[in-house]
């Protein structure tokens, strides 16, 4: 075989596989790269139509990040998002574990109906219910407080966690629990001491998704909380950095970068969990 | 409800994964599972010692005790969903049948809101927008998602890196990532226009967001960008679950790559494909963030979807009744998806 033919065969995956994949990778990453580049660019360069937009040509600035810290409630928004997301995640995972266990393991009247109900609420998009929910939140006296979000985020997180954990619990062999129960453990003890330690990956997965969905939530936060200092990060960056006709593009991008950062870090460390949660959510 | 085909598990980090070495974290988890099984084995020995009959009796007693325990465990989730999903839904139906406004409970007006909506040109435009938006975005995501899944399936070098990169748009907060798309299509400083001009494809700025049709194109593009990873990764999970032998058999029967795709991959991927498309139908149709951030429904209501129009009517102009009626148009589609989904789930348990 000539060396040319061998070279052709060895480089074939490059042309048929890696080259066609590149546009997808570029498409996925370019906006995020552009977000980062914009946030470090000086205004003079940012608003110069003749400068090349793809990289930073005239020096890096932290001015946009300073603007965020000094002129806005940015770090309050960050802390608000963090508190709401952690609280909503803890509530949802606990309720999800408790509801998923009987659905996966126990025989009781109404099991099927409740399973279907969970499935339907899992598919209810938040956009269907934001109007009546704002009335409910008002009546509970929670509007314009972060509690409004802590209470309402679980409405879409609990069905998700329950569904995901139900699938996960079913993959754990039943026999493990049967023995514990014959040794005198009750159901709660069995769940906590026997099943949960084995199901840690499922719980981590549910918690990661619950946190990500809370952190990324936009509509409820926009509708239920209006004082500037009480906003969550996604809403704060969007609504407080556009003043009338003035767009602080550098600041907007800086806010978007910091706002995406915790999720991206979690994602880098727990990629496999994200992948399994994503597909489990759809396929199970 | 039976267990649907469990494709997610195939790539879940539980040690059941068919390929790959796994991280140290996974190994620890696998060890723990092993410990659990060993303990279970000890238990089995104990059970044999107590005798079969006693064991059976003990077990049936436990089943009788199940019901109160099950209800206790389910109660918190049940009441949460009752008060914050079911009740608001009923409230939403009531609003849609009343002339409620902000600060005014309103009175029953029957189907007036719906009648008025169906003769309102803005609502009919919203209906048309929703169909166009959902159909085109779904089509793009399905076609590109399938292509990307097939590529990712064959990739061996930098596998994790590439998969991680293409999944990223799905993880980043949509409201924030849509801001950068807005900046990329900004009228004066658009990087897209800059590139097109630099390549001499166009010689003046394209009005991406002020033009109604281009604005629709832009929101579809951003929705595709965000939703593509979901399609790709889920279809990839489906591809992984197809037995290799089927491809070998097809190959020995003389099927080329295209033939193998049409006769092996596509038929076996159909259930996963159906689920992904059904799922995405709801969440594409119900999209709020992208349209609200990029266009607020404009220009001239040409990109309004149900959610953004309902928001504009119900909160911005305070017509809660009308707003609720608009958002309820999502409900029949939701029911349809649930119905189809539950039917396919049931069917697949029969074949299992």
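Protein chains in written order, with our numbering: chain A, -7 to 276; chain B, 386 to 737. From the three backbone atoms N, C-alpha and C, an ideal C-beta is built for every residue, glycine too.
Note to self: Can you pull out the residues from the stretch 448 to 463 of chain B whose beta carbon lies closer than 9 Å to at least one beta carbon of chain A?
What the structure shows: 448, 450, 451, 452, 453, 454, 455, 456, 457, 458, 459, 460, 461, 462, 463
Margin query: Can you tell me whether residue 586(B) is helix, strand or coil according to DSSP?
Written below: coil
Notebook entry, point to check: Going along the chain, which residues of its own chain have a beta-carbon closer than 8 Å to the beta-carbon of residue 126(A), five neighbours each way excluded?
Noted result: 135, 215, 216
Next item on the list: For chain B, find out if any of its Cβ atoms is closer than 7 Å to the Cβ of residue 128(A); answer yes or no.
Entry: yes
Notebook entry, point to check: Are the C-beta atoms of residue 17(A) and some chain B residue less than 7 Å apart?
Noted result: yes
Check: Are there three or more Cβ pairs, one per stretch, closer than 8 Å when the stretch 562 to 576 of chain B is compared with the stretch 635 to 647 of chain B?
Finding: no
Notebook entry, point to check: Opposite residue 483(B) in the DSSP bridges: which residues?
Noted result: 493(B)
Notebook entry, point to check: Taking just the CA atoms, how far does residue 34(A) sit from residue 121(A)?
Noted result: 42 Å
Notebook entry, point to check: Along chain A, in chain order, which residues have C-beta atoms closer than 7 Å to that of residue 724(B)?
Noted result: Those within 7 Å of residue 724(B) in chain A number zero; the least Cβ separation is about 10 Å.
Notebook entry, point to check: How big is the Cα-Cα spacing for residue 709(B) and residue 692(B)?
Noted result: 10 Å
Next item on the list: Whole angstroms is fine: what's the gap from residue 585(B)'s alpha carbon to residue 597(B)'s?
Entry: Using only the alpha carbons, I get a separation of about 24 Å.
Check: Expressed to the nearest angstrom, what Euclidean distance is found between the alpha-carbon atoms of residue 267(A) and residue 129(A)?
Finding: 34 Å
Checklist line | Per-residue burial, residue 42(A) [other beta carbons within 10 Å of its own, 16 or more giving buried] | finding: Sixteen is the threshold: since fewer than 16 other Cβ atoms of the shown chains lie within 10 Å of the Cβ of residue 42(A), the residue is exposed.
Note to self: Can you tell me where the alpha helix (DSSP H) holding residue 301(A) begins and where it ends?
What the structure shows: Residue coverage of chain A in this structure runs from -7 to 276, which leaves residue 301(A) outside it and unanswerable.
Next item on the list: Can you tell me which of 718(B), 717(B), 706(B) puts its alpha carbon nearest to the alpha carbon of residue 495(B)?
Entry: 706(B)
Check: Nearest chain B C-beta to residue 139(A) closer than 7 Å, yes or no?
Finding: No - not a single Cβ of chain B is within 7 Å of the one on residue 139(A).
Checklist line | Interface residues of the stretch 202 to 213 of chain A facing chain B [CB-CB below 7 Å] | finding: 204, 207, 208, 210, 211
Notebook entry, point to check: Does residue 243(A) have its Cβ less than 7 Å from a Cβ in chain B?
Noted result: no
Notebook entry, point to check: Using the beta-carbon count (16 or more within 10 Å), is residue 25(A) buried or exposed?
Noted result: exposed
Check: Using a Cβ cut-off of 8 Å, which residues of the stretch 689 to 701 of chain B contact any Cβ in chain A, in chain order?
Finding: Residues of the stretch 689 to 701 of chain B with a C-beta atom less than 8 Å from some C-beta of chain A are 691, 692, 695, 696, 699, 700, listed in chain order.
Checklist line | Anticipated Cβ contact below 8 Å, residue 689(B) with residue 510(B), distance rounded | finding: 7 Å
Margin query: The alpha helix (DSSP H) that contains residue 612(B), what's its start and end?
Written below: 597 to 625
Note to self: Just to confirm the assignment, what range does the alpha helix (DSSP H) spanning residue 197(A) have?
What the structure shows: Run containing residue 197(A): 192 to 208, per the alpha helix (DSSP H) assignment.
Next item on the list: Determine, using beta-carbon pairs with one atom in the stretch 105 to 121 of chain A and one in the stretch 454 to 466 of chain B, whether at least three such pairs fall under 8 Å.
Entry: Three or more Cβ pairs drawn from the stretch 105 to 121 of chain A and the stretch 454 to 466 of chain B lie within less than 8 Å of each other, which places the two stretches in contact.
Notebook entry, point to check: Is it true that the stretch 621 to 633 of chain B meets the stretch 648 to 660 of chain B, where meeting means three or more beta-carbon pairs spaced less than 8 Å apart?
Noted result: yes
Notebook entry, point to check: What does residue 569(B) reach in chain A if we use C-beta pairs closer than 7 Å?
Noted result: 23, 26
Notebook entry, point to check: Can you round the beta-carbon distance between residue 458(B) and residue 93(A) to whole angstroms, since I take them to be within the 8 Å contact cut?
Noted result: Indeed they touch by this definition, with Cβ atoms about 6 Å apart.
Margin query: One question on the structure: do residue 491(B) and residue 483(B) come within less than 7 Å of each other, judged by their Cβ atoms?
Written below: In contact: residue 491(B) and residue 483(B) (Cβ atoms closer than 7 Å).
Next item on the list: List the residues of chain B whose Cβ lies closer than 9 Å to the Cβ of residue 147(A), in chain order.
Entry: Under the 9 Å cutoff, chain B gives 465, 466, 469, 470, 473.
Margin query: Which residues in chain B have a C-beta closer than 8 Å to the C-beta of residue 252(A)? List them in chain order.
Written below: Within chain B, the residues placing a beta-carbon under 8 Å from that of residue 252(A) are 557, 558, 561, 562, ordered along the chain.
Item checked: Continuous alpha helix (DSSP H) stretch holding residue 651(B): start and end -> 651 to 670
Next item on the list: Would you mind stating whether residue 565(B) and residue 146(A) have Cβ atoms separated by less than 7 Å?
Entry: The answer is no: Cβ separation not under 7 Å.
Item checked: Cβ contact check for the stretch 164 to 182 of chain A and the stretch 74 to 83 of chain A: 3 or more pairs under 8 Å -> no
Margin query: Less than 7 Å between the C-beta atoms of residue 212(A) and residue 271(A), yes or no?
Written below: Taking 7 Å as the Cβ cut-off, residue 212(A) and residue 271(A) do not qualify as a contacting pair.
Notebook entry, point to check: Along chain B, which residues have their Cβ under 7 Å away from the Cβ of residue 9(A)?
Noted result: Chain order gives the chain B residues near residue 9(A) as 536, 539, 540, where near means a beta carbon separation below 7 Å.
Note to self: Taking 8 Å as the limit between beta carbons, can you name the residues of its chain near residue 263(A), skipping five residues before and five after?
What the structure shows: none
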